[in-house]
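The numbering of the sequence shown is my numbering, which starts it at 5 and goes up by one.
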Amino acid sequence: MTVLIVDDCEPMRRLIKSLISGVADAIVECGSGGAAYAAYEAHRPDWVLMDIQLPGLDGIAATGQIRAAFPDARILIVSTYGDEPLRAAARTAGACGYVLKENLLEVRRRLEAPCKTSNE
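Given below as structure tokens:
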């Protein structure tokens, strides 16, 4: 499985990478929403782990762009912010799920589960 991690914080990308290294065969990283589309197009990962607060294009807008061009893309929002309006925006953009960074161990479980259209 190939996973794309999109987060502007390099230590956070490193932490997520260490948590999923046993699940993912290949891990691609980028630090902005603008770079996420190009990285997705180049690598066609099985999963994208997308932060919301990114420089330039935010993670929700980047999710929408990727899903518009690649309807089968599986994108999991991984964010510090858990309020309902952001969760709703993520669903509207096409995210498969939403995990708070305080629950990063949940990311691994989600990668192993099928993509659902609703978020918890």
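Backbone N, C-alpha and C define an ideal beta-carbon position, used for all residues, glycine too.
This structure is a prediction, so every number in the text was calculated from the model and none was measured.
Asked: Judging by CA-CA distance, which residue of G26, L23, S22, A66 is the nearest neighbour of A43?; Found: A66
Asked: Can you give the Cα-Cα distance for I56 and M5, rounded to whole angstroms?; Found: 23 Å
Asked: Roughly how many angstroms lie between the CA atoms of G35 and Y102, to the nearest whole one?; Found: 19 Å
Asked: Would G63 and V10 qualify as a contact pair, given that the criterion is a beta-carbon distance under 8 Å?; Found: yes
Asked: Measuring alpha carbon to alpha carbon, tell me which of P89, I31, L19 ends up nearest H47.; Found: I31
Asked: Go through the stretch 34-77 residue by residue and report every complete run of the beta strand (DSSP E) that reaches 3 residues or more, in order.; Found: 51-54
Asked: Taking the C-alpha atoms as reference points, what is the distance between A117 and G86?; Found: 21 Å
Asked: Using the Cβ count rule (16 or more neighbours within 10 Å means buried), how would you classify R78?; Found: buried
Asked: Is DSSP giving S83 helix, strand or coil here?; Found: strand
Asked: Mark L104 as exposed unless 16 or more other C-beta atoms lie within 10 angstroms of its C-beta, in which case mark it buried.; Found: exposed
Asked: Three-state secondary structure (DSSP) at A30?; Found: strand
Asked: Using a Cβ-Cβ cut-off of 6 Å (strictly less than) and excluding sequence neighbours within five positions of L61, which residues of its own chain qualify?; Found: G37, G38
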